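Q:
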Amino acid sequence: MAFPRVRFTIRRVMVFVALAAVVSGLASRIQRVSEANVREACCNNLRNIALAVTVFSEAKGSYPAGTVANDRFPTERRLSWLVAIAAYLDQWRWLLDLDRPWDADENRVTRGQGTVGPPTAVGRLHIMTCPAASGGREEHMPGWTWYVGIAGLGPDAPELPVGHPRAGVFGYDRRTKPADITDGLATTLLIAETDVDNGPWTAGGPTTVRGLDPSRKPYIGPGRPFGGFHPGSVVVAFADGSVRPLRDTIDPKVFEALSTAAGGEALPAAWDR
Numbered sequence: 016m017a018f019p020r021v022r023f024t025i026r027r028v029m030v031f032v033a034l035a036a037v038v039s040g041l042a043s044r045i046q047r048v049s050e051a052n053v054r055e056a057c058c059n060n061l062r063n064i065a066l067a068v069t070v071f072s073e074a075k076g077s078y079p080a081g082t083v084a085n086d087r088f089p090t091e092r093r094l095s096w097l098v099a100i101a102a103y104l105d106q107w108r109w110l111l112d113l114d115r116p117w118d119a120d121e122n123r124v125t126r127g128q129g130t131v132g133p134p135t136a137v138g139r140l141h142i143m144t145c146p147a148a149s150g151g152r153e154e155h156m157p158g159w160t161w162y163v164g165i166a167g168l169g170p171d172a173p174e175l176p177v178g179h180p181r182a183g184v185f186g187y188d189r190r191t192k193p194a195d196i197t198d199g200l201a202t203t204l205l206i207a208e209t210d211v212d213n214g215p216w217t218a219g220g221p222t223t224v225r226g227l228d229p230s231r232k233p234y235i236g237p238g239r240p241f242g243g244f245h246p247g248s249v250v251v252a253f254a255d256g257s258v259r260p261l262r263d264t265i266d267p268k269v270f271e272a273l274s275t276a277a278g279g280e281a282l283p284a285a286w287d288r
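For the sequence shown, this note's numbering gives the first residue as 16, with consecutive numbering after it.
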């Protein structure tokens with residue numbers, strides 16, 4: 016009489032194991048779908064920002080400088096290129112004082128053009144925030160960004176002149192024209208996501224403009240200079256306005272070549288696969 020009971024117990028165990036496998040597979044599939052949705056939301060943020068940069072360049076004849084020009088303040092206290100494109104990015108018109116640094120009291124609270132009532136704090140903006148960003152739900156004042164303009168190759172890249180072989184699109188005082196990007200708009204990095212050294216979207220300096228520092232390879236992944244949000248990839252925008260995820264296994268030399276606007280590097284076939 017004991018053997019049938021043992022067989023019944025084994026049968027139940029086998030059913031439980033099978034059910035556990037199904038549940039585990041379903042959970043894994045849901046997680047993959049969730050990760051894909053988060054990455055797509057991040058891509059949409061970058062598409063909108065890249066579109067605003069493109070519209071700015073068409074209106075002004077060049078991409079925005081990395082900081083709003085102001086010789087009275089160091090670059091890290093100037094307002095950022097994101098402030099320069101804000102009018103093309105959102106219907107809300109931030110009334111920031113362009114003659115003052117980003118951390119001036121006048122630029123910590125503001126109100127939209129044509130509105131009445133008390134000033135509104137320059138808080139978190141969804142379009143500046145990757146949904147997977149650590150601290151992305153916190154109400155920093157001013158709000159933070161997790162997207163930075165790419166300045167080229169080298170920690171000094173933001174200070175290089177237009178046409179320098181290591182210069183990228185964004186420089187602190189550099190106004191790059193589309194014609195200056197001889198490496199090709201579709202293969203020159205414009206913006207990338209980062210989970211390192213984040214800060215206010217209104218702030219100039221390394222908070223919003225960065226070059227690739229060869230001493231910090233690998234460039235992509237958790238705790239690295241770029242990416243860290245989406246497993247196996249980093250979401251980037253190119254100078255033609257296109258947005259795509261790049262694998263974190265991309266050859267660092269290729270990523271460096273993509274960071275420059277007129278470096279003359281030859282990219283290998285299928286470099287993005």
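The beta-carbon is built from N, C-alpha and C at its ideal position, and this holds for glycine as well. Given the structure is predicted, the values throughout are model-derived calculations rather than measurements.
Looking at the unbroken beta strand (DSSP E) that takes in residue 94, where does it start and where does it end?
A: First-last for residue 94: undefined, no H or E at that position.
Q: For residue 264, count neighbouring C-beta atoms within 10 Å of its own C-beta (all shown protein chains included) and say buried if the count is 16 or more, exposed if not.
A: Result: exposed.
Q: Could you compute how far the alpha carbon of residue 2 sits from the alpha carbon of residue 249?
A: Residue 2 is absent from the structure shown; the chain starts at 16 and stops at 288.
Q: How do the stretch 178-197 and the stretch 73-81 stand: do at least 3 beta-carbon pairs fall below 8 Å, yes or no?
A: A contact exists between the stretch 178-197 and the stretch 73-81.
Q: So what does DSSP say about residue 258, is it helix, strand or coil?
A: It is a strand residue.
Q: Could you give the residue range of the beta strand (DSSP E) that holds residue 249?
A: Segment 248-253, the beta strand (DSSP E) holding residue 249.
Q: Considering residue 103, what are the terminal residues of the alpha helix (DSSP H) in which it resides?
A: Here the alpha helix (DSSP H) through residue 103 covers 101-104.
Q: Within the continuous alpha helix (DSSP H) that includes residue 272, where are the two ends?
A: Segment 267-274, the alpha helix (DSSP H) holding residue 272.
Q: With a Cβ-Cβ cutoff of 8 Å, do residue 203 and residue 99 count as a contact?
A: Contact: no.
Q: Tell me which same chain residues have a C-beta within less than 6 Å of the C-beta of residue 241, skipping the five on either side of it?
A: The answer, listed in chain order, is 207, 209, 234, 235, 249.
Q: By DSSP, does residue 71 sit in helix, in strand, or in coil?
A: If DSSP states are grouped into helix, strand and coil, residue 71 belongs with the helices.
Q: At the level of alpha carbons, what is the spacing between residue 41 and residue 50?
A: Residue confidence for residue 41 is low, a pLDDT of 39 falling below 50, so the modelled location carries little weight and cannot support an answer.
Q: Among 267, 69, 90, 66, which residue has its Cα nearest to the Cα of residue 224?
A: Among 267, 69, 90, 66, the Cα nearest to that of residue 224 belongs to 90.
Q: What did DSSP end up calling residue 218 once you bin it into helix, strand or coil?
A: Here residue 218 sits in strand by DSSP.
Q: Take residue 272 and list the residues in its own chain whose beta-carbon comes closer than 7 Å to its own, dropping the five residues that flank it on each side.
A: Result list for residue 272: 278, 280, 282, in chain order.
Q: With a 10 Å radius around its C-beta and 16 neighbouring C-beta atoms as the bar for buried, classify residue 72 as buried or exposed.
A: It is buried - the Cβ of residue 72 has at least 16 other Cβ atoms within 10 Å.
Q: Answer yes if the stretch 147-166 comes into contact with the stretch 174-188, meaning at least three C-beta pairs across the two stretches below 8 Å, and no otherwise.
A: Result yes; three or more Cβ-Cβ pairs closer than 8 Å.
Q: If residue 65 and residue 252 are in contact, beta carbons under 8 Å, what's the gap, nearest whole angstrom?
A: 4 Å between Cβ atoms; contact.
Q: CB residue 108 to CB residue 260, shorter than 8 Å?
A: It is not a contact, given that the beta carbons lie outside the stated cut-off.
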